[in-house]
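Engineer: All you need for my numbering is the position in the sequence shown, starting with 1, plus 58.
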Amino acid sequence: LNQYLFNEEFDQVTIDEIKCVNKKLKNIREPIPVHLAQAKVYAYIYAKQHALPFIRVRMTYCHIITEDIKYFIEEYLWEDLEVWFEDLMKRYSKWMDFAYSWRKKRNESIKKIDFPYPYREGQRDLTVYVYQTILERKKLFIEAPTGVGKTLSTVFPAVKAMGQGLTDRIFYLTAKTITRTVADETFELLRRQGLSMKTVVITARDKICPFTEAECNPDSCEYARGHFDRVNEALYKLITTKDNLSRDCIAETAAKYKVCPYELSLDLTLLSDAVMCDYNYVFDPHVYLRRFFGDGNRGEYTFLIDEAHNLVDRGREMYSAELQKEDLLAAKKFLNEAVEKLAIVKERKGMIHIHRMISGLDRCNKEMLKIKRGCVTYLVLDSVDTLAGHVAGLYTTISQFLDEEENTGIRKEVLELYFMLGHFLMIYEMMDEKYRIFCEISERGNFRVKLLCVDPGKNLADCMAMGRSAVLFSATLLPIGYHKNLLGGSKEDYEVYARSVFDPSRMGLFIGRDVTSRYSRRNETEYYHIARYIYEVTAVKKGKYMIFFPSHAFLKNVLEAYEANFHLPEEEMIVRQEEYMTEAHREAFLHLFSSSKDSFSLGALPEKDIFLPGETPYEGIVSGKKSLIGFCVLGGIFSEGIDLREDSLIGCIVVGTGLPQVCSEREIFKDYFGENGFNYAYRYPGMNKVLQAAGRVIRTVNDVGVVALLDDRFLEQSSKRMFPREWTHYQVTTLGGVADCVEGFWQEMEEKKDTDDS
Numbered sequence: 059l060n061q062y063l064f065n066e067e068f069d070q071v072t073i074d075e076i077k078c079v080n081k082k083l084k085n086i087r088e089p090i091p092v093h094l095a096q097a098k099v100y101a102y103i104y105a106k107q108h109a110l111p112f113i114r115v116r117m118t119y120c121h122i123i124t125e126d127i128k129y130f131i132e133e134y135l136w137e138d139l140e141v142w143f144e145d146l147m148k149r150y151s152k153w154m155d156f157a158y159s160w161r162k163k164r165n166e167s168i169k170k171i172d173f174p175y176p177y178r179e180g181q182r183d184l185t186v187y188v189y190q191t192i193l194e195r196k197k198l199f200i201e202a203p204t205g206v207g208k209t210l211s212t213v214f215p216a217v218k219a220m221g222q223g224l225t226d227r228i229f230y231l232t233a234k235t236i237t238r239t240v241a242d243e244t245f246e247l248l249r250r251q252g253l254s255m256k257t258v259v260i261t262a263r264d265k266i267c268p269f270t271e272a273e274c275n276p277d278s279c280e281y282a283r284g285h286f287d288r289v290n291e292a293l294y295k296l297i298t299t300k301d302n303l304s305r306d307c308i309a310e311t312a313a314k315y316k317v318c319p320y321e322l323s324l325d326l327t328l329l330s331d332a333v334m335c336d337y338n339y340v341f342d343p344h345v346y347l348r349r350f351f352g353d354g355n356r357g358e359y360t361f362l363i364d365e366a367h368n369l370v371d372r373g374r375e376m377y378s379a380e381l382q383k384e385d386l387l388a389a390k391k392f393l394n395e396a397v398e399k400l401a402i403v404k405e406r407k408g409m410i411h412i413h414r415m416i417s418g419l420d421r422c423n424k425e426m427l428k429i430k431r432g433c434v435t436y437l438v439l440d441s442v443d444t445l446a447g448h449v450a451g452l453y454t455t456i457s458q459f460l461d462e463e464e465n466t467g468i469r470k471e472v473l474e475l476y477f478m479l480g481h482f483l484m485i486y487e488m489m490d491e492k493y494r495i496f497c498e499i500s501e502r503g504n505f506r507v508k509l510l511c512v513d514p515g516k517n518l519a520d521c522m523a524m525g526r527s528a529v530l531f532s533a534t535l536l537p538i539g540y541h542k543n544l545l546g547g548s549k550e551d552y553e554v555y556a557r558s559v560f561d562p563s564r565m566g567l568f569i570g571r572d573v574t575s576r577y578s579r580r581n582e583t584e585y586y587h588i589a590r591y592i593y594e595v596t597a598v599k600k601g602k603y604m605i606f607f608p609s610h611a612f613l614k615n616v617l618e619a620y621e622a623n624f625h626l627p628e629e630e631m632i633v634r635q636e637e638y639m640t641e642a643h644r645e646a647f648l649h650l651f652s653s654s655k656d657s658f659s660l661g662a663l664p665e666k667d668i669f670l671p672g673e674t675p676y677e678g679i680v681s682g683k684k685s686l687i688g689f690c691v692l693g694g695i696f697s698e699g700i701d702l703r704e705d706s707l708i709g710c711i712v713v714g715t716g717l718p719q720v721c722s723e724r725e726i727f728k729d730y731f732g733e734n735g736f737n738y739a740y741r742y743p744g745m746n747k748v749l750q751a752a753g754r755v756i757r758t759v760n761d762v763g764v765v766a767l768l769d770d771r772f773l774e775q776s777s778k779r780m781f782p783r784e785w786t787h788y789q790v791t792t793l794g795g796v797a798d799c800v801e802g803f804w805q806e807m808e809e810k811k812d813t814d815d816s
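1) What do you reckon, are the CB atoms on Lys683 and Met631 nearer than 8 Å?
2) So which of Phe477, Tyr742, Met255, Ala97 has the shortest CA-CA distance to Asp385?
3) Could you check where the beta strand (DSSP E) with Tyr493 kicks off and where it finishes?
4) To test your reading of the DSSP string, which unbroken alpha helix (DSSP H) runs of 4 or more residues are found completely within the stretch 608–661?
5) Take the Cβ of Phe459 as the centre, count every other Cβ of all protein chains shown within 10 Å, and call the residue buried at 16 or more, exposed below.
6) Tell me the DSSP secondary structure of Lys148 in three-state form.
7) Quick one: give me the first and last residue of the beta strand (DSSP E) that Ala533 is part of.
8) Which residues does DSSP list as the beta-bridge partners of Met421?
9) Closer than 6 Å by C-beta to Val289: which residues in its own chain qualify, once you throw out the five before and the five after it? Chain order, please.
10) Out of Asp729, Thr327, Asn760, Thr640, which one is the CA nearest neighbour of Asp264?
11) Please list the terminal residues of the continuous alpha helix (DSSP H) segment that includes Ser457.
12) Three Cβ pairs or more, each shorter than 8 Å: is that satisfied between the stretch 757–775 and the stretch 714–727?
13) Spell out the partners DSSP gives Ala313 in its beta bridges.
14) When DSSP labels each residue in this structure, what does Met685 get in the three-state scheme?
15) What does Val188 pair with, by DSSP beta-bridge criteria?
16) So Thr225 and Thr360 are in contact, right, with Cβ under 8 Å, and what is the actual spacing, rounded?
17) How about the stretch 509–522 and the stretch 374–382: do they share at least three Cβ pairs that are nearer than 8 Å?
18) Shortest alpha-carbon distance to Phe199 belongs to which of Leu369, Thr270, Asn302?
19) So, helix, strand or coil for Ala366, using DSSP?
20) Start and end of the beta strand (DSSP E) containing Asp336?
21) Going by beta carbon distance, what residues of the same chain come within less than 7 Å of Gly693, once the five residues before and after it are set aside?
22) Short of 7 Å in beta carbon distance, which residues of its chain neighbour Ile687, apart from the five on each side in sequence? Order them along the chain.
23) Below 6 Å CB to CB, which residues in the same chain sit around Asn517 once its five sequence neighbours on both sides are set aside?
24) I'd like to check one pair, Gln181 with Val25: are the Cβ atoms closer than 8 Å?
25) Can you give the beta carbon distance from Trp442 to Arg178, rounded, assuming they're within the 8 Å contact cut?
26) Between the stretch 75–94 and the stretch 106–119, can you find at least three pairs of beta-carbon atoms closer than 8 Å?
27) Give the DSSP bridge partners of Val748, in chain order.
28) Please state whether DSSP places Asp440 in a helix, a strand or coil.
29) Answer with buried or exposed for Thr299, where buried requires no fewer than 16 other C-beta atoms within 10 angstroms of its C-beta.
30) Cα separation between Thr791 and Phe568?
31) I'd like to check one pair, Thr311 with Leu324: are the Cβ atoms closer than 8 Å?
32) Within 10 angstroms of the Cβ of Met489, are there 16 or more other Cβ atoms? Answer buried if so, exposed if not.
33) Going by the DSSP bridge assignment, what does Val691 pair with across the sheet?
34) Would DSSP call Tyr555 helix, strand or coil?
35) Can you give me the C-alpha to C-alpha distance between Lys492 and Asp551, rounded to a whole angstrom?
36) So His121 is in the beta strand (DSSP E); what residue range does that whole segment cover?
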């Protein structure tokens, strides 16, 4: 808020820049430089417009809670302001000159590029749908089976729309790093066709930070210390020499100029034409890019949302919050210990605030105890207004502590509590009829109160409304109505099913009707039968296979049965997905499937323990003498988003229908959606996991492979209705006949290959 004050007595104008702050006013000893600079720009403009010889600037700081006010007043001669302003404009001019010339070059290049390949069947129509959606400011939901080329089919028309002035920036949003890599490769492909476009990949702070622990303050980090003094030079160097602003080049430049690589990547988004990043940077109420979407800002942005089926659960997660009673008790214990330590060293600074925080935690704990007394397992609540009031009071106390106390040695821990409470209060203020409040006692006796976002559609739609258009696509967006409802679609938005270009006969699809993953039949006999199914399918042809299970526990039981009865170390190598795997560990696992003999060495693996006893040299797998069998978890890190082409994967076995485990949250979903409740809470999410896992096998027109679905429930009409259109050729089989079915398929493929070759 800027007020123009005229003092008749002194014939002087005052430009008043008012800033509301949480920080105690006694700790603000001079105007914050960026605030003062903002006011001086206004002063220069007003003085120039009215030919004033001098002008006064007043910085007014108002404390949000106490409403106390503190002033700082400066007077400037016109000549001094003019020199200052012209110097400021000179520093900005090189950026504006670059932006103007680059946009011209970019748009000219866009006009010249064509689709880089011959269009596959239906692909041209898909690009037209995307362009039309951007033109009409709509949302488009695309069910695009593997092989359609959905990344290129969405990126290319979005780029063309940019050349026509329909969009200023493209945001390519993903749930996983691997899909950002595919998008990055797509932009690089278009650059090889002559496109001039600046693209940046945002990597999470913890992953790109060069230090063991991300301590983002000038006292702890040499890159944070003086970052703003050096960052402009680093930015200008990068943006004028690189078009593909990848993780590696950002990290390299950050190291050279000693600036924070994460903050550097965020600054680069303002200068880039396309931004590839996680969903969080648009949708998360804490992490979203405020430079684009803060304070209700909107822009001519196009959102390309890949693997959009993941956004349902991610949306629920981002817009939900919970408090654990045990976390509050742990915080109270920590603060009591801090009081004792400070008393020993006779350090009284901060003691009053710490005692107030302990009292605030007591109030929150007592209220949670009241709620807990009425809960047996879980309980849906009408409101938590009293608890929220206590949390708000504690939050204010912590805010005052953080504002005033710097060196009590507990700041980091208090800050974590502050963020947790702040998120709870933010979600509490956001709640509407699409939320449910519940409390729950876990099997271990822990107690939590959760603000659960059951339907994230409105929140997601509000975020997408900050841009011009959104295109949401996935290979498993069925049923489309379910995803459209929960992803913020409306009746006016478009939807399209892209036909698969693959020959369905190249995938052998088998359903085992005599096994199941039902809880009531989980026993040693069933584990043995499933293990034998795996043997019968994989023994027919040497190659690489992935087996997907409903849980780590189920995987372990079947794996034990398989090793005891069927595993032949000289014939195959087994690897398994662990419950926790580092990024390097995951890459090593995938490397086994995707690498060739020329590029692979066992010594390159960072952790040898991903192999089970009986491992064999990898060279046998490459030469076709041995098989590689990966035991994985359905819905986990290896069941979607990975691109294993040709002989990288020749078979996939899915054990179970993927139904999520029954839990309080799923039951609340089921009750909320009424007659569609079971489908929305269990069946649709489960089948999406199955389709994603099966989709790992056929990735190109040259791929051939088998998919076995092991559960009699796949034959129920409710399941078959969710099969893709291409799944009409499945064969129902049994344990005694599956080997013959699989062998017949591979023999047919060999005969077909011989015919094609001749």
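A virtual CB, placed ideally from N, CA and C, is assigned to each residue, including glycine.
Structural biologist: Per the coordinate set shown:
1) As a working note, residue 683 is residue 625 in the sequence shown. As a working note, residue 631 is residue 573 in the sequence shown. No, they are not a contact pair.
2) Looking up residue 385 in the sequence shown gives position 327. Among Phe477, Tyr742, Met255, Ala97, the Cα nearest to that of Asp385 belongs to Phe477.
3) Stepping through the sequence shown from its first residue, residue 493 is reached at position 435. It spans 493–499 - the beta strand (DSSP E) in which Tyr493 sits, taken as one unbroken run.
4) 610–623, 641–652
5) Locating residue 459 in the sequence shown gives position 401, where the first residue counts as 1. Answer is buried; the Cβ neighbour count reaches 16.
6) Against the sequence shown, residue 148 aligns to sequence position 90. When secondary structure is reduced to three states using DSSP, Lys148 falls in the helix class.
7) Position 475 of the sequence shown, counted from the first residue, corresponds to residue 533. First-last for Ala533: undefined, no H or E at that position.
8) Counted from its first residue, the sequence shown places residue 421 at position 363. Residue identity differs from the one stated: residue 421 is Arg in this sequence, not Met. Answer is none; Arg421 lacks a bridge partner.
9) By 1-based counting over the sequence shown, the position of residue 289 is 231. Once the five neighbours on either side are set aside, the close Cβ partners of Val289 are Val317.
10) By 1-based counting over the sequence shown, the position of residue 264 is 206. For Asp264, the nearest C-alpha among the options comes from Thr640.
11) For the purposes of this step, residue 457 is taken as residue 399 along the sequence shown, with counting starting at 1. That run of the alpha helix (DSSP H) goes 443–462.
12) yes
13) Translated into positions along the sequence shown, residue 313 becomes position 255. DSSP, once it has assigned bridges, lists no residue as partnering Ala313.
14) On the sequence shown, residue 685 is found 627 positions in, with the first residue counted as 1. It is Ser, not Met, that sits at residue 685 in the sequence shown. The answer is strand: DSSP assigns Ser685 an E or B state.
15) Locating residue 188 in the sequence shown gives position 130, where the first residue counts as 1. Beta-bridge pairing links Val188 to no other residue.
16) Stepping through the sequence shown from its first residue, residue 225 is reached at position 167. Stepping through the sequence shown from its first residue, residue 360 is reached at position 302. The Cβ separation is near 4 Å, so the contact holds.
17) Taking a cut-off of 8 Å for Cβ pairs, the stretch 509–522 and the stretch 374–382 touch, as three or more such pairs fall below it.
18) Within the sequence shown, the letter at position 141 stands for residue 199. Answer by Cα proximity: Leu369.
19) Residue 366 sits at position 308 when you count from the first residue of the sequence shown. Of the three classes helix, strand and coil, the one that applies to Ala366 here is coil, per DSSP.
20) Counting from 1 along the sequence shown, the entry for residue 336 is found at position 278. That run of the beta strand (DSSP E) goes 332–336.
21) Sequence index remark: in the sequence shown, residue 693 carries index 635 (1-based). Cβ neighbours of Gly693 beyond the five flanking positions: Gly716, Lys747.
22) The count along the sequence shown starts at 1 and reaches residue 687 at position 629. Here the set comprises Thr596, Tyr603, Ile605, Glu630, Ile632.
23) For this step, residue 517 is matched to residue 459 along the sequence shown. Around Asn517: Tyr377.
24) No answer is possible for residue 25: the residues shown for the chain start at 59 and end at 816.
25) Reading the sequence shown from its first residue, position 384 is the one you call residue 442. Reading the sequence shown from its first residue, position 120 is the one you call residue 178. First, the amino acid is wrong: residue 442 is Val here, not Trp. Their Cβ separation, rounded to whole angstroms, is 53 Å, which puts Val442 and Arg178 out of contact at 8 Å.
26) Judged by Cβ distances under 8 Å, the stretch 106–119 makes contact with the stretch 75–94, as three or more pairs qualify.
27) Residue numbering aside, residue 748 sits at position 690 when the sequence shown is read from its first letter. Answer by DSSP bridge pairing: none, since Val748 is not bridged.
28) As a first step, residue 440 is located in the sequence shown; it is residue number 382 there, counting from the start. Coil, per DSSP.
29) Residue 299 sits at position 241 when you count from the first residue of the sequence shown. Classification of Thr299: exposed, given that the 10 Å Cβ count is below 16.
30) In the sequence shown, counting from the first residue as 1, residue 791 sits at position 733. In the sequence shown, counting from the first residue as 1, residue 568 sits at position 510. Computed Cα separation, rounded: 7 Å.
31) Position 266 of the sequence shown holds residue 324. Position 253 of the sequence shown holds residue 311. No.
32) The residue labelled residue 489 in the question sits at position 431 within the sequence shown. Around the beta carbon of Met489, 16 or more other beta carbons sit within 10 angstroms, so the residue counts as buried.
33) Stepping through the sequence shown from its first residue, residue 691 is reached at position 633. Val691 is bridged to Phe607.
34) Working through the sequence shown from its first residue, we reach residue 555 at position 497. It is a strand residue.
35) Counting from 1 along the sequence shown, the entry for residue 492 is found at position 434. Counting from 1 along the sequence shown, the entry for residue 551 is found at position 493. Approximately 21 Å between the Cα atoms of the pair.
36) Stepping through the sequence shown from its first residue, residue 121 is reached at position 63. Unbroken beta strand (DSSP E) run through His121: 112–121.
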